[in-house]
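Visitor: Adding 805 to a residue's 1-based position in the sequence shown gives its number in my numbering. Below: one structure in structure tokens.
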Amino acid sequence: MNTLRDELNEVIRSENIVGLEFLRMNDWQWIMDKLADNFLSHGKQSLDRIWLWDSIKEPYTSYQPDDGIGELNSLLSQSGAYWLIASDEDGKYWVLEGTGKAIVSALSETRYFEYYITNKEISWLICENHHGVMVLKGSIESERENA
Numbered sequence: 806m807n808t809l810r811d812e813l814n815e816v817i818r819s820e821n822i823v824g825l826e827f828l829r830m831n832d833w834q835w836i837m838d839k840l841a842d843n844f845l846s847h848g849k850q851s852l853d854r855i856w857l858w859d860s861i862k863e864p865y866t867s868y869q870p871d872d873g874i875g876e877l878n879s880l881l882s883q884s885g886a887y888w889l890i891a892s893d894e895d896g897k898y899w900v901l902e903g904t905g906k907a908i909v910s911a912l913s914e915t916r917y918f919e920y921y922i923t924n925k926e927i928s929w930l931i932c933e934n935h936h937g938v939m940v941l942k943g944s945i946e947s948e949r950e951n952a
């Protein structure tokens, strides 16, 4: 059985998606730790949960768009650099670095899974959960203006 990582690698390869790469094992833990400290109610302890969105600190905005990928495309700058955290069903997180364009392209070609996106400063967070609900934490206005 293929993992989510295998599936994403296959999509990146088969669709010739440029600008999206998995981080090496030793290079991503600090991102998850900072994301947890900045956005999750129990800090790093929340990383043991399968659904991180269920621990996002208030206040945040949540809504259910008709088209999650289209909504994401309107939120991200095409050329902006971001961290994508792909959430496997068993609680495994895969961290990728990529442009807004590459992230949207990859997500539009894969099966549905929960994901989190943050800027390089880890000052805001976008999530789409398994209910199709978008959760926004922090100010992403500057990203919308650049999209």
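Note that beta-carbon positions come from the ideal geometry of N, C-alpha and C, so glycine has one too.
1. Which two residues bound the contiguous alpha helix (DSSP H) that contains TRP899?
2. Starting from the C-beta of GLU820, find all residues in its chain whose C-beta is less than 7 Å away, skip the five residues before and the five after it, and write them out in chain order.
3. Report the residue from MET939, ARG810 and ASP871 whose alpha carbon sits nearest the alpha carbon of TYR921.
4. Do GLU863 and PRO870 count as a contact pair if the criterion is CB distance below 8 Å?
5. Are the CB atoms of GLU894 and LEU828 nearer to each other than 8 Å?
6. Out of MET837, GLN883 and GLY896, point me to the one whose CA is closest to GLY824's CA.
7. Strictly by DSSP, which residues pair up with TYR921?
8. Would you report the Cα separation of GLY873 and GLU919, rounded to the nearest angstrom?
Guide: Considering the structure as presented:
1. Within the sequence shown, numbered from 1, the residue matching residue 899 stands at position 94. Careful: TRP899 lies outside any alpha helix (DSSP H), inside the beta strand (DSSP E) at 898-904.
2. Here residue 820 corresponds to residue number 15 of the sequence shown, with the count starting at 1. SER910 and GLU914, listed in sequence order.
3. As a position in the sequence shown, residue 921 is number 116, starting the count at 1. Selected option, being the one with the closest Cα: MET939.
4. On the sequence shown, residue 870 is found 65 positions in, with the first residue counted as 1. On the sequence shown, residue 863 is found 58 positions in, with the first residue counted as 1. Not a contact, by the Cβ cut-off of 8 Å.
5. Within the sequence shown, the letter at position 89 stands for residue 894. Within the sequence shown, the letter at position 23 stands for residue 828. Not in contact: GLU894 and LEU828 (Cβ atoms no closer than 8 Å).
6. By 1-based counting over the sequence shown, the position of residue 824 is 19. For the residues MET837, GLN883 and GLY896, the minimum Cα distance to GLY824 belongs to GLN883.
7. Numbered from its first residue, the sequence shown carries residue 921 at position 116. DSSP lists ILE890 and CYS932 as partners of TYR921.
8. Taking the sequence shown and counting its residues from 1, the one referred to as residue 873 is at position 68. Taking the sequence shown and counting its residues from 1, the one referred to as residue 919 is at position 114. Between GLY873 and GLU919, the C-alpha separation is close to 11 Å.
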